[in-house]
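The listed protein sequences derive, respectively, from chains A and B.
For this note's numbering, add 305 to where a residue sits in the first sequence, where the first one is 1.
For this note's numbering, add 2 to where a residue sits in the second sequence, where the first one is 1.
The C-beta atom is built at its ideal place from N, Cα and C for all residues, glycine as well.
Structure first, commentary second.
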Amino acid sequence: MSAKRITVLALVVAVVAVLAALPLFVKKDSTINLACLVLLYVALASSWNILGGYAGQTNLGHAAFFGLGTLVARFTWLGGWPLWAALLAGACVPVIFALIIGAPAFRLKGAYFAIGTLALAQVLYVTVANKWPLITSLPARYLATYRLMPRYYLFLAVAVFTVGVAYFLVKSRLGLGLMAVREEEDAAESLGVSGLRHKLLAFGVSAFLAGLAGGAFAFYHVGYYPQFPFSPAWTFDTMMAVYIGGTGTVVGPIIGAVFYVLVKELLALKVVEAHLIIFGILFILVVLFLPGGLLEAWSKIRSALGSRAKSRKAALPAG
Amino acid sequence: MAFLKVQGLTKSFGGLMAIRDVDLELQQGQILGLIGPNGSGKTTLLNLITGFLKPNAGTVHFMGENITGLPRFKVSQRGIARTFQLTKAFLDFTALENVMVGRVYGQQPAKNLAQAAEESLEILDRVDLLDKAHVKARNLTLMQRKRLELARALATKPRLLLLDEFMSGLNPGETEDAMQLIRQIRDSQVTLIVVEHIVKAIVGLSDRVVVLNMGEKIAEGTPVQVCEDPHVIECYLGKAVCLK
Ligand SMILES: Nc1ncnc2c1ncn2[C@@H]1O[C@H](COP(=O)(O)OP(=O)(O)OP(=O)(O)O)[C@@H](O)[C@H]1O
Ligand SMILES: [Mg+2]
């Protein structure tokens with residue numbers, strides 16, 4: 306193992322350990338709730354990035370897969386299924402939808418995929434609102450035993466699992482094929498890579514992970530309207546987090562999600578009225594001036610500092 | 003049995019007959035030269051063989067099997083590789099990563115990415131790009147990108163390799179090197195179809211030559227036979243070229 310890999314591994318272990326120990330020294334529920342939200346967005350952003358960043362297919366309906374996960378997991382769980390089975394069902398059903406919409410949409414080139422996913426999310430949003438117009442609240446016997454800790458750890462597990470899947474996928478043969486398809490599909494196909502199969506695989510994995518995050522949300526939330534997780538805001542928040550952090554990298558969506566959720570909360574507290582406008586402007590600035598997101602900004606700063614340090618070193622012997 | 007057998011292949015774009023009723027046979031281990039004026043259908047023929055285009059009529063058999071209309075990635079998996087007239091490198095990949103894609107998805111794929119990288123470096127060395135292994139493809143010159151595409155195609159370990167104007171834009175010295183490289187590839191058990199405008203290169207390399215004009219095959223034979231064919235001279239070569 307190279308020194309760099311050991312450093313990265315140590316960093317990962319340290320971050321996960323700190324997050325796992327968080328509830329030991331943070332007792333305020335509001336802080337734990339905020340941490341849950343951050344972890345949820347880490348999972349959503351990382352799962353979106355598998356398809357959007359690595360396969361280059363812009364999914365404008367990520368909320369549909371997240372929403373399906375909440376819907377299926379909530380109703381099966383409240384219907385008496387064990388939690389793990391409800392979560393699994395919530396992750397699998399979105400995959401079916403992804404394959405059904407992906408197979409035709411990927412065959413057509415151009416904007417069909419983006420439009421198709423957007424349409425799916427809108428149709429589901431309206432359908433769910435009509436079919437389940439009432440709020441879904443936890444029944445009294447669930448409320449009596451409700452504790453925040455297991456919810457927090459579930460979000461943590463889902464986020465770590467999602468990032469882990471993203472990491473191992475993109476470091477594998479399939480990840481190389483996926484990126485080759487994104488870069489130049491004709492050339493990839495000429496080397497034996499099926500564009501359609503790779504995109505479907507990425508879409509399926511992305512939908513599975515979004516559905517899993519939805520299951521965690523269903524387990525977490527005390528009461529919400531069933532259509533709420535299908536709202537387009539989830540898709541756009543997720544995409545903003547990915548673009549702010551940097552697409553097509555494993556770390557980018559994590560940084561983006563942490564930054565996005567924290568800054569948004571901060572603005573919402575400080576400037577209640579204008580926080581959406583301020584955030585919108587911030588987002589436009591990032592996309593316009595840092596197309597690679599915060600990650601690119603960081604590597605630019607680092608190389609600038611590095612070259613200055615180097616030139617100083619080079620100047621020393623002469624001086 | 004012919005290694006590659008094309009029968010009655012036809013392709014039209016709207017009203018334009020890009021390929022009309024073309025037959026072709028190729029023996030294993032040979033180099034087939036494919037020439038013809040601009041727009042005569044050479045690239046279209048390669049696209050039809052590799053599954054990038056579906057023919058309106060006709061068949062393509064490779065090693066005895068009908069591969070007509072097969073998806074292009076499956077044609078590649080049968081052992082037919084190609085390069086593109088207008089290069090299509092993975093621009094944000096390094097040269098090494100470009101070649102690795104061929105090495106993990108081609109015939110006898112590498113067991114893991116580390117092994118793929120090792121084998122890909124050897125292939126980059128064959129096309130004299132070893133020193134560019136860690137340079138992004140977008141920072142390579144056009145000629146380097148062409149060699150990169152060749153390396154990438156070779157990385158799939160093809161049985162049949164189709165080169166579309168690999169030598170265009172090279173100076174005479176570079177052309178000589180490229181011809182040497184193509185002969186080496188042939189000697190490593192790869193059969194080739196070579197599309198070129200440089201007649202000297204085609205004559206020097208090919209075992210047989212096929213001439214296309216307006217989508218039709220107008221001549222076929224050894225390089226010498228084709229060069230002496232009056233029809234070919236009239237359509238394409240012009241007297242000066244063949245008198246030498
Ligand atoms: N996808 C396409 N759609 C419409 N017409 C096409 C298409 N591809 C090729 N053609 C037309 O078919 C004819 C043959 O083109 P092709 O590219 O096969 O010629 P070529 O022999 O490779 O020419 P060149 O020497 O210039 O590369 C041309 O008239 C071209 O305009
Ligand atoms: Mg051509």
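query: Using a beta-carbon distance cut-off of less than 8 Å, what residues from the region 486–518 of chain A approach chain B?; result: Glu-488, Glu-489, Asp-491, Ala-492, Ala-493, Glu-494, Ser-495, Leu-496, Gly-497, Val-498, Ser-499 and Gly-500
query: Could you name the residues of the same chain whose beta carbon sits closer than 8 Å to that of Leu-610 of chain A, not counting the 5 residues immediately before and after it, in chain order?; result: none
query: Who are the Cβ neighbours of Ala-157 of chain B in its own chain at under 8 Å, not counting the five residues just before and after it?; result: Val-101, Met-102, Val-103, Gly-104, Arg-105, Gly-108, Glu-121, Ser-122 and Ile-125
query: Since Tyr-548 of chain A sits in a beta bridge, which residues does DSSP pair it with?; result: Bridge partners of Tyr-548 of chain A: none, in fact.
query: Report all residues from its chain with a CB closer than 7 Å to the CB of Leu-55 of chain B; omit the five preceding and five following residues, and keep chain order.; result: Lys-13, Thr-46 and Asn-49
query: Closest to Ala-462 of chain A by CA distance: which of A:Gly-357, A:Ala-408, A:Thr-381 and A:Val-320 is it?; result: A:Val-320
query: Enumerate in chain order the residues of its own chain whose CB-to-CB distance from Ala-153 of chain B is below 6 Å, with the five nearest sequence positions on each side excluded.; result: Val-101, Ile-125, Leu-126 and Val-129
query: So with Cβ pairs under 8 Å, would you call Arg-452 of chain A a contact of chain B?; result: no
query: For ligand 2, which residues count as neighbours when the test is a C-beta closer than 7 Å to any heavy atom?; result: B:Lys-44, B:Thr-45, B:Gln-87, B:Asp-166, B:Glu-167 and B:Val-197
query: Any beta carbon of chain A sitting closer than 8 Å to that of Phe-15 of chain B?; result: no
query: Under 8 Å between C-beta atoms, does Tyr-238 of chain B make it to chain A?; result: no
query: Compute the beta-carbon to beta-carbon distance between Ala-83 of chain B and Ala-139 of chain B, rounded to the nearest angstrom, for a pair I have assumed lies under 8 Å.; result: Going by Cβ atoms, the distance from Ala-83 of chain B to Ala-139 of chain B rounds to 18 Å, so no, they are not a contact pair.
query: Is Gly-41 of chain B near ligand 1 - that is, is its Cβ less than 7 Å away from at least one heavy atom of it?; result: yes
query: At a Cβ threshold of 8 Å, is Arg-446 of chain A touching chain B?; result: no
query: Determine the DSSP secondary structure at Lys-13 of chain B, reduced to helix, strand or coil.; result: strand
query: Within 8 Å (strictly less), CB to CB, does Gly-217 of chain B reach chain A?; result: no
query: Given that a residue counts as buried once 16 or more other Cβ atoms are within 10 Å of its Cβ, and exposed if not, what is Ile-311 of chain A?; result: exposed
query: Can you say whether Phe-513 of chain A is buried or exposed, counting buried as having 16 or more other CB atoms within 10 angstroms of its CB?; result: buried
query: Nearest by alpha-carbon distance to Gly-35 of chain B: which of B:Gln-182, B:Val-192, B:Leu-164 and B:Glu-218 is it?; result: B:Leu-164
query: Taking only the alpha-carbon atoms, compute the straight-line gap between Gly-372 of chain A and Val-323 of chain A and give it to the nearest angstrom.; result: 30 Å
query: What does Asn-190 of chain B reach in chain A if we use C-beta pairs closer than 8 Å?; result: The question names Asn, yet the displayed sequence has Ser at residue 190 of chain B. Within chain A, no residue comes near Ser-190 of chain B; the closest Cβ sits about 18 Å away, beyond 8 Å.
query: Tell me whether Phe-75 of chain B, by its Cβ, gets closer than 7 Å to a heavy atom of ligand 1.; result: no
query: Say whether chain B places a C-beta atom closer than 8 Å to the C-beta of Leu-593 of chain A.; result: no
query: Within 10 Å of its beta-carbon, does Trp-353 of chain A have 16 or more other beta-carbons around it, so buried, or fewer, so exposed?; result: buried
query: Looking at Phe-15 of chain B and ligand 1, is the gap between the Cβ and the nearest heavy atom below 7 Å?; result: yes
query: Going along the region 470–487 of chain A in order, which residues come within less than 7 Å of chain B, judged by CB to CB distance?; result: Arg-478, Leu-481, Gly-482 and Ala-485
query: Considering only heavy atoms of ligand 1, does any lie closer than 7 Å to the CB of Leu-172 of chain B?; result: no
query: Taking only beta-carbon positions, decide if Asp-209 of chain B is within less than 8 Å of chain A.; result: no
query: Is Leu-6 of chain B close to chain A, meaning its C-beta is less than 8 Å from at least one C-beta of that chain?; result: no
query: Taking a Cβ distance cut-off of 8 Å, strictly less, list which residues of the region 79–107 of chain B are near chain E, in chain order.; result: Included in the structure are the protein chains A and B, with no chain E among them.
query: If the cut is a Cβ gap below 7 Å, which residues of chain A does Phe-75 of chain B touch?; result: Glu-494, Gly-497, Val-498 and Ser-499
query: Thinking C-alpha only, which one of B:Gly-53, B:Leu-142, B:Ala-203 and B:Leu-98 is nearest Gln-117 of chain B?; result: B:Leu-98
query: List the residues of chain A that Arg-154 of chain B touches, going by C-beta distances under 9 Å, in chain order.; result: Ala-492, Ser-495 and Leu-496
query: Go to Thr-422 of chain A, then tell me how far its beta strand (DSSP E) extends in each direction, as first and last residue.; result: Here Thr-422 of chain A belongs to no beta strand (DSSP E); instead the alpha helix (DSSP H) covers 417–436.
query: Taking 7 Å as the limit between beta carbons, can you name the residues of its chain near Ala-391 of chain A, skipping five residues before and five after?; result: Ala-378, Thr-381, Trp-382 and Gly-520
query: So, using beta-carbon positions, are Leu-443 of chain A and Gly-528 of chain A closer together than 8 Å?; result: yes
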